[in-house]
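Before any comments, here is the structure.
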Amino acid sequence: MLEVLKTRRSIRSYSPGVVSDVHIRQIIEAAMYAPSARNLQSWQFIVITDALSIIRLSEIHPHAKMLPDAGHCLVVCADLSIEPNVGYAVTNCAAATQNALLAIHALELGGVWLGVYPREERMHAIGEYLSLPPHIIPFSMIALGIPKSIPPVPERFRADRIHYGKYHANQ
């Protein structure tokens, strides 16, 4: 598990290919095992595989130009009818998004987190395009596909960002 955590990379280049329905279900199932405030699991998932919708979403989101090459998009949404506190609802979706990305990597697929919340213009345009009701907030999109290549893993451990007992500015 630690190897999956340490080697997961954001994939922005994809090879042609289809992600199976079985893998998509496994990815969403992993997302649904994320921790959530009061265990309310206040998320909804939209699976996008049709080319026209993927192209439109790539036009709406300024950093989603890779979506057509990826061929698949998962939209993670906060459901305010389950968790009305937006802060908790989006935190829950962040955990679900991370779990999905870890599952994608574990399945040797590629994915990248495309932030939607809290950018109002993205939330509105994506919500309108996907016909989301007012209590469903688009939180993130995940481009999903067959990775063209895997970037090298940089060293990310920073001992200077660990504080014991209380924060120490100049450890």
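For the numbering used here, count along the sequence shown from 1 and bump the result up by 2.
Glycine included, every Cβ here is placed at the ideal spot set by N, Cα and C.
Treat the numbers as computed from the prediction; the structure is a model and nothing was measured.
Identity of the residue in the options nearest residue i by Cα
i           : options            : result
residue 36  : 64, 81, 97, 3      : 97
residue 156 : 73, 4, 9           : 9
residue 140 : 91, 73, 14, 80     : 80
residue 150 : 68, 61, 50, 44     : 68
residue 57  : 138, 111, 74, 48   : 74
residue 175 : 117, 82, 39        : In the structure as shown, the chain starts at 3 and stops at 173, and residue 175 therefore has no counterpart that could be examined.
residue 84  : 43, 154, 119       : 43
residue 6   : 55, 107, 54        : 107
residue 138 : 95, 166, 21, 39    : 95
residue 121 : 136, 142, 132, 168 : 142
residue 115 : 130, 82, 76        : 76
Between the CA atoms of residue j and residue i - distance to the nearest angstrom
i           : j           : result
residue 89  : residue 52  : 32 Å
residue 113 : residue 31  : 16 Å
residue 11  : residue 17  : 16 Å
residue 134 : residue 161 : 43 Å
residue 14  : residue 103 : 13 Å
residue 164 : residue 48  : 37 Å
residue 28  : residue 171 : 43 Å
residue 110 : residue 25  : 10 Å
residue 153 : residue 20  : 21 Å
residue 123 : residue 105 : 29 Å
residue 125 : residue 54  : 19 Å
residue 46  : residue 23  : 17 Å
residue 145 : residue 3   : 22 Å
residue 86  : residue 101 : 22 Å
residue 59  : residue 136 : 19 Å
residue 40  : residue 91  : 11 Å
residue 167 : residue 129 : 43 Å
residue 119 : residue 131 : 15 Å
residue 70  : residue 159 : 34 Å
Residue i and residue j closer than 7 Å at C-beta
i           : j          : result
residue 147 : residue 33 : no
residue 93  : residue 78 : no
residue 127 : residue 62 : yes
CB contact check: residue i to chain C, cutoff 7 Å
i          : result
residue 74 : Here chain C cannot be found, since the structure has a single protein chain.
Endpoints, beta strand (DSSP E) assigned at residue i
i           : result
residue 147 : 138-149
residue 113 : 112-117
residue 161 : It is not in any beta strand (DSSP E) - residue 161 carries neither H nor E in the DSSP assignment.
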